[in-house]
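Per full-length UniProt numbering, the very first residue in the sequence shown carries number 1; after that it's consecutive.
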Amino acid sequence: MNIQNAQKEVDDWIKEHGVRYFNELTNMAQLTEEVGEVARIIARRYGEQSEKESDKNKDLGEELADVMFVVLCLANQTGIDLQASFDKKLDLKSKRDHDRHHNNEKLK
(Lines of atoms letter the chains of each structure in order from A and count residues from 1; the text may use other names and numbers.)
(Lines give C-alpha, C1' and ligand atoms only; values in the text may rest on other atoms or scores of the structure.)
Protein backbone atom coordinates (compact mmCIF):
# COMPACT_ATOMS: atom_id res chain seq x y z
CA MET A 1 0.00 0.00 0.00
CA ASN A 2 1.36 3.42 -0.83
CA ILE A 3 0.87 6.48 1.34
CA GLN A 4 -1.90 7.92 -0.87
CA ASN A 5 -3.89 4.72 -0.46
CA ALA A 6 -3.28 4.78 3.29
CA GLN A 7 -4.53 8.37 3.47
CA LYS A 8 -7.68 7.38 1.59
CA GLU A 9 -8.21 4.34 3.80
CA VAL A 10 -7.96 6.48 6.92
CA ASP A 11 -10.35 9.04 5.43
CA ASP A 12 -12.82 6.29 4.54
CA TRP A 13 -12.53 4.86 8.06
CA ILE A 14 -13.20 8.27 9.62
CA LYS A 15 -16.28 8.70 7.43
CA GLU A 16 -17.59 5.21 8.22
CA HIS A 17 -16.63 4.71 11.87
CA GLY A 18 -15.77 8.12 13.24
CA VAL A 19 -18.12 11.04 13.45
CA ARG A 20 -15.47 13.39 12.07
CA TYR A 21 -11.78 14.12 12.40
CA PHE A 22 -10.72 15.42 15.78
CA ASN A 23 -9.45 18.96 15.37
CA GLU A 24 -5.79 19.46 14.56
CA LEU A 25 -4.79 20.37 18.11
CA THR A 26 -6.49 17.27 19.52
CA ASN A 27 -4.78 15.12 16.91
CA MET A 28 -1.44 16.74 17.71
CA ALA A 29 -1.97 15.84 21.38
CA GLN A 30 -2.93 12.29 20.35
CA LEU A 31 0.18 12.02 18.20
CA THR A 32 2.31 13.05 21.18
CA GLU A 33 0.57 10.45 23.32
CA GLU A 34 1.11 7.69 20.74
CA VAL A 35 4.78 8.60 20.25
CA GLY A 36 5.13 8.44 24.03
CA GLU A 37 3.79 4.88 24.00
CA VAL A 38 6.34 3.94 21.33
CA ALA A 39 9.09 5.59 23.39
CA ARG A 40 8.03 3.68 26.49
CA ILE A 41 8.31 0.32 24.71
CA ILE A 42 11.65 1.21 23.09
CA ALA A 43 13.13 2.53 26.36
CA ARG A 44 12.15 -0.57 28.28
CA ARG A 45 12.59 -3.29 25.66
CA TYR A 46 15.70 -2.00 23.89
CA GLY A 47 17.01 0.62 26.29
CA GLU A 48 18.34 0.44 29.80
CA GLN A 49 15.08 0.73 31.71
CA SER A 50 13.57 -2.46 33.06
CA GLU A 51 10.38 -3.59 31.40
CA LYS A 52 7.37 -3.74 33.68
CA GLU A 53 5.25 -6.87 33.57
CA SER A 54 2.32 -4.80 32.31
CA ASP A 55 4.39 -3.58 29.33
CA LYS A 56 5.61 -6.99 28.15
CA ASN A 57 2.51 -7.67 26.07
CA LYS A 58 2.57 -4.27 24.34
CA ASP A 59 2.96 -4.61 20.58
CA LEU A 60 5.48 -2.14 19.15
CA GLY A 61 4.05 -2.61 15.66
CA GLU A 62 0.57 -1.67 16.81
CA GLU A 63 1.89 1.40 18.58
CA LEU A 64 3.81 2.48 15.48
CA ALA A 65 0.62 1.94 13.46
CA ASP A 66 -1.21 4.24 15.91
CA VAL A 67 1.40 6.91 15.21
CA MET A 68 0.94 6.41 11.46
CA PHE A 69 -2.84 6.62 11.77
CA VAL A 70 -2.72 9.97 13.53
CA VAL A 71 -0.08 11.32 11.11
CA LEU A 72 -2.34 10.31 8.21
CA CYS A 73 -5.29 12.03 9.89
CA LEU A 74 -3.28 15.24 10.27
CA ALA A 75 -2.17 15.07 6.64
CA ASN A 76 -5.75 14.54 5.46
CA GLN A 77 -7.26 17.32 7.48
CA THR A 78 -4.57 19.83 6.51
CA GLY A 79 -4.65 18.99 2.81
CA ILE A 80 -1.17 17.44 2.64
CA ASP A 81 -0.37 14.88 -0.04
CA LEU A 82 1.92 12.89 2.21
CA GLN A 83 3.11 10.65 -0.64
CA ALA A 84 4.37 13.67 -2.59
CA SER A 85 5.92 15.18 0.54
CA PHE A 86 7.60 11.91 1.50
CA ASP A 87 8.96 11.35 -2.00
CA LYS A 88 10.34 14.90 -2.08
CA LYS A 89 11.92 14.51 1.36
CA LEU A 90 13.48 11.14 0.53
CA ASP A 91 15.00 12.58 -2.64
CA LEU A 92 16.39 15.54 -0.70
CA LYS A 93 17.83 13.32 2.03
CA SER A 94 19.33 10.96 -0.55
CA LYS A 95 21.19 13.80 -2.24
CA ARG A 96 22.13 15.66 0.92
CA ASP A 97 23.09 12.79 3.19
CA HIS A 98 24.62 10.11 0.95
CA ASP A 99 28.25 11.15 1.34
CA ARG A 100 27.72 12.54 4.82
CA HIS A 101 26.73 9.15 6.24
CA HIS A 102 29.32 7.18 4.26
CA ASN A 103 32.02 9.50 5.61
CA ASN A 104 30.80 9.40 9.21
CA GLU A 105 33.44 7.59 11.27
CA LYS A 106 30.87 6.87 14.00
CA LEU A 107 28.92 4.64 11.59
CA LYS A 108 31.84 2.46 10.54
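Quick reminder that beta carbons are idealized off the backbone N, C-alpha and C, glycines included.
Limits of the unbroken alpha helix (DSSP H) element including residue i
i, result
"Thr32", "Glu24 to Arg45"
"Met1", "Here Met1 belongs to no alpha helix (DSSP H), and DSSP marks it neither H nor E."
"Asp55", "Careful: Asp55 lies outside any alpha helix (DSSP H) and carries neither H nor E."
"Gln83", "Leu82 to His102"
"Asp66", "Leu60 to Gln77"
Inter-residue spacing [alpha-carbon to alpha-carbon] between residue i and residue j
i, j, result
"Glu34", "Lys89", "23 Å"
"Glu24", "Asn57", "31 Å"
"Asn13", "Gln7", "At residue 13 the sequence reads Trp, which differs from the Asn that was named. Their backbone Cα atoms lie some 10 Å apart in a straight line."
"Gln49", "Gly36", "15 Å"
"Phe86", "Cys73", "15 Å"
"Gln30", "Gln4", "22 Å"
"Tyr21", "Gly79", "13 Å"
"Met28", "Val71", "9 Å"
"Glu92", "Leu82", "Per the sequence shown, residue 92 should be read as Leu rather than Glu. Distance between the alpha carbons of Leu92 and Leu82: 15 Å."
"Asn104", "Arg96", "14 Å"
"Thr32", "Ile42", "15 Å"
"Asn2", "Gly61", "18 Å"
Short Cβ contact (8 Å threshold) for residue i with residue j
i, j, result
"Arg44", "Asp55", "yes"
"Leu107", "His101", "yes"
Closest Cα partner of residue i within the set the options
i, options, result
"Phe69", "Asp97, Lys93, Thr32 and Val10", "Val10"
"Lys15", "Ser85, Ala84 and Asn76", "Asn76"
"Glu63", "Ala39, Asp91, Glu105 and Ala6", "Ala39"
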